[in-house]
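A quick write-up on the structure given underneath.
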Amino acid sequence: MVRVTKQHTDQAHASVRASVRDQVLWLATAIVNHANNVRPNTDGTKVGGHQSSSASSVAILTALFLEVLKSEDRIAIKPHASPVFHAIQYLLGNLDEPYLEKFRAFGGLQAYPSRTKDPETVDFSTGSVGLAGPAAAFGALTRDYLDTHGLQSTSGRFYAHLGDAELDEGSMWEAVIEPALAGLDRCTWIVDVNRQSLDRVVPGIRVRQFMDMLNANGWTVLTAKYGDRLTELMERPGGEALRTRIDDMSNEEYQGLLVAGEGEVRTRLLDGSELGRSDIDMCIGGSGDGELYERITNLGGHDVGYLVRLLNEASSTSGPTAIFAYTVKGWGLQSAADPRNHAAVLTSDQFAKFAELTDRDAANPWVKFAAGTPEGKYIASAAGRLGMRCSKPEPPLRFNETRLSIPNVTSTQDAFGRMLVELDRTSPESTSRIVTVSADVATSTGVASWINRVAVWSKQEELDYLGFGERILKWIEKPDGRHIELGLSEMNMFLLLAQLGLSDRMSGRRLVPIGTVYDPFIARATDALINGLYQESRFILLATPSGISLSTEGGAHQGLITPSLGINTPGITYFEPAFAREVEWILLDAVRSIGSGEGESYLLRLSTKPVDQTLFPAESGQLRQDVLKGCYRFRSAPADSEAVMSVFAVGAMVDEAIGSIELLEREGIGVSLFIVTSPDLLFRQLNAAHANEQAGTDDTRWDPLDLLNDREIGQPVLSVIDGHPHSMAFLGAALDCPSTVLGVTNYGQSGSRADLYRHFAVDAQGIFEAGLGLVDRWRKRVL
Ligand SMILES: Cc1ncc(C[n+]2csc(CCOP(=O)(O)OP(=O)(O)O)c2C)c(N)n1
Ligand SMILES: [Mg+2]
């Protein structure tokens, strides 16, 4: 009888792990090879793909998917390792073979993992480096939030698999120092330390600094640095000196060793070491050149068993963990460690050679392990563990009608703050799923009364040292609080908003996230905003205060580009209301849509400018519909006017537009005034009208937006916005009318609102003068 010892099974297990890892490397390399060297190339453009970035991560992702991850865990994959992810999904039976030939093809596998476009379950869309690590951390925070609110979630641990150059991004460190993430359980980052980025070998030995920074912020850092073969060498006499020599080596020098080739490793090791030279000589003396090279390049990040041990250790450690897995970029390929390997793709000949070396068939690459083999069983067991996602559709959250009480004079920002409280009053149960977020600007963006009512979230009850419970503006922190206050990082806020807005799809429970930010500082974190929208996250973003209407706050706080951003960015509907009732209708519509798990995100650009609410037209169902459609008619030009001009006023500029009417009509120019609540929706209507026109389903009209009456068609159009006028420049052309757009084209300065409106000529006088000029120009053309 054969006695099976532990050593035997360990060795057998190691060889199965290595064999599957090598198959993953083969498949990932073949996926990119097929896209570049086999699939017909229709236009001669390089297809690309990242074989070297993929190769360095094969063991990491094999360890994760084949042994560690459970079906409830969520993971962000290093963007350039997407072929490895697809290879593993194929082996697990989650991806059909034809897809392997459609990497980077239209309708096929995306270049970078995509939640919405890839055929398999992808948790995080990645591609913009530096966002995935924080996103995973905020995903774990979202799960903690659900837990403390008694909402049972379907998610487990949150992992991020990262490239080492991602640690150059400030977003990574903004997250690491974020107080709300301190002590976060269920979050593990695993960094592929291949010492290379896109252009270069990352200078110096910065990993040490990174580890210190993580440690200082309460992270547990684990390292898979040296593989078994190198460790065994370092355990020989003199090995300590060898370890010190390699530990202290800069990235450039180590990388030099890797590419130097077998003949040179010994000399390089010895030449650079003054103190321990004889010890190193003693340690490596017994190994021939080939063996020495193989041992020196034996790194822990390619050892599946080692990585599994560390990943399991990370799971049982409290607080967040980061694993640094040392690897070789291009491991196992001809491009290994080459400083220019980032975008390099093996030629057909190189691929054929790789096939020959690894005993595989280049012409028949998509081979799987047979079911009964040890590898087949290993994969089947992982597939069973990962199983099917438990997804229970959430019923829609219902929000009742509200009736906001509105003072005679108020701002849209103020209306927003009141509306939060009104929602809580009228639909307490559904509103319990509303969570507000701010990066240190809650009280200056209108959220104070809400915070008074619902408290600030913290994982445990906090002592009220500052006596906030006694103040009019309370700041009580407790586990069932519904406002999340972050440190001052807009990047963190947008990353958190995105995760809260994906909570139904990531953790099975729906939240309605509402974030507030100063309008100009959206620019600080636009990439994170877009990344959230690209993933179809749903949230409401309030940009307030905005434009020059914030007056004394001056040019440094004045947002200029948000209207364009709101129009140009897919996945978010941008509104800029003028009156409080509009804010009420838009917000109610937004929470209803997000509460039902439908539609897209919302951006409301608000203002602190007090506006006379008695000017708001008589309410009607039609008016409400028009407000939500993006534009409504405020008044029509008097029938007896000599000339007619249509004025389109956006948001805070409504007063000025109304003020210009009298001035213009004194000159015989009748004004039809339209209030634009959403330049974005107007533009979309225009696009839809054009599409219908092209499809022949619409009869060609003069006014594709269906706003103007016969008397107004073809007459001058003037628009005014407290933002860059280019954002409204489409309107004149859309309506086929001579047009002018007023707005702000430069950085402002401190001053009263009147001073600034005058300076930028967007006050009633400015509108009047521009209107006169426009009508004059139009008359000359007509005559
Ligand atoms: C925000 C952002 N900036 C630039 C790039 C272009 N880029 C793609 S990969 C890369 C370097 C990545 O290096 P690393 O993270 O170490 O990954 P690996 O070495 O594993 O490929 C860069 C700069 C990007 N994808 N995202
Ligand atoms: Mg790298």
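Each residue of the sequence shown is one higher than the last, beginning at 256 in our numbering. For glycine and all other residues, C-beta sits at the position ideal for the given N, C-alpha and C.
Query: Report the rounded CA-to-CA distance for residue 1011 versus residue 1003, giving the unit in angstroms.; Result: 7 angstroms
Query: Specify whether the region 714-721 and the region 746-757 touch according to this definition: at least 3 beta carbon pairs, one from each stretch, less than 8 angstroms apart.; Result: no
Query: Anyone know if the C-beta pair for residue 573 and residue 440 falls short of 8 angstroms?; Result: yes
Query: Is it right to say residue 567 is buried, meaning 16 or more other beta carbons lie within 10 angstroms of its own, or is it exposed?; Result: exposed
Query: Under the rule that 16 or more other beta-carbon atoms within 10 Å means buried, what is residue 325, buried or exposed?; Result: exposed
Query: Leaving out five residues before and five after residue 274 in sequence, what residues of the same chain have Cβ atoms less than 6 angstroms from its Cβ?; Result: 630
Query: Would you say the beta carbon of residue 584 comes nearer than 7 angstroms to a heavy atom of ligand 2?; Result: yes
Query: Return the chain-ordered list of same chain residues with a C-beta closer than 7 angstroms to the C-beta of residue 912, the five sequence neighbours on each side being excluded.; Result: 902, 904, 928, 975, 1022
Query: Does the beta-carbon distance from residue 744 to residue 433 come in below 8 angstroms?; Result: yes
Query: Measuring straight from C-alpha to C-alpha, what distance separates residue 866 and residue 908?; Result: 10 angstroms
Query: So, residue 773 versus residue 696, is the Cβ gap smaller than 8 angstroms?; Result: yes
Query: Drop a sphere of 10 angstroms on the beta-carbon of residue 736, count the other beta-carbons inside from all chains shown, and report buried for 16 or more, exposed for fewer.; Result: buried
Query: Taking residue 442 as part of the beta strand (DSSP E), name the residues at either end of that continuous run.; Result: 442-448
Query: From the DSSP secondary-structure annotation, give me the bridge partner or partners of residue 451.; Result: 456
Query: Starting from residue 680, trace the alpha helix (DSSP H) both ways and give me its first and last residue.; Result: 667-681
Query: Determine contact between the region 335-346 and the region 574-583, defined as no fewer than three beta-carbon pairs at a distance below 8 angstroms.; Result: no
Query: Looking at the unbroken beta strand (DSSP E) that takes in residue 740, where does it start and where does it end?; Result: 738-741
Query: Cα separation between residue 808 and residue 1005?; Result: 6 angstroms
Query: Please work out which residues of its chain come closer than 6 angstroms, Cβ to Cβ, to residue 233, disregarding the five sequence neighbours upstream and downstream, and give them in chain order.; Result: Since the first residue of the chain shown is 256 and the last is 1038, residue 233 is not available in this structure.
Query: Please state the DSSP three-state secondary structure of residue 934.; Result: helix
Query: Do residue 333 and ligand 1 come close, with the Cβ less than 7 angstroms from some heavy atom?; Result: yes
Query: Report back the beta-carbon spacing between residue 520 and residue 592 to the nearest angstrom; my notes put them in contact at under 8 angstroms.; Result: So it is not a contact: roughly 12 angstroms between Cβ atoms.
Query: Suppose contacts are defined by Cβ-Cβ distances below 8 angstroms. Is residue 822 in contact with residue 938 by that definition?; Result: yes
Query: Does ligand 2 have a heavy atom nearer than 7 angstroms to the CB of residue 418?; Result: yes
Query: Starting from residue 919, trace the alpha helix (DSSP H) in both directions and tell me its first and last residue.; Result: 909-921
Query: Report whether the distance from the Cβ of residue 452 to the nearest heavy atom of ligand 1 is below 7 angstroms.; Result: yes
Query: Could you compute how far the alpha carbon of residue 738 sits from the alpha carbon of residue 843?; Result: 19 angstroms
Query: Are there 16 or more other CB atoms within 10 angstroms of the CB of residue 727, so buried, or fewer, so exposed?; Result: exposed
Query: For residue 311, verify whether its CB is less than 7 angstroms away from any heavy atom of ligand 1.; Result: yes
Query: Should residue 447 be counted as a contact of ligand 2 given a C-beta to heavy atom distance under 7 angstroms?; Result: yes
Query: With burial defined as no fewer than 16 other Cβ atoms inside 10 Å of the residue's Cβ, what is the status of residue 270: buried or exposed?; Result: exposed
Query: For residue 295, does the count of other Cβ atoms within 10 angstroms reach 16, so buried, or fall short, so exposed?; Result: exposed
Query: Among the candidates 762, 796, 357, whose CA atom is the shortest distance from the CA of residue 693?; Result: 796
Query: Say whether the region 537-557 touches the region 406-415, bearing in mind that this needs 3 or more beta-carbon pairs closer than 8 angstroms, one atom from each stretch.; Result: no
Query: Find out if the Cβ-Cβ distance for the pair residue 820, residue 781 is shorter than 8 angstroms.; Result: yes
Query: Give me the DSSP bridge partner(s) of residue 1033.; Result: Paired residue(s): none; residue 1033 is not in a bridge.
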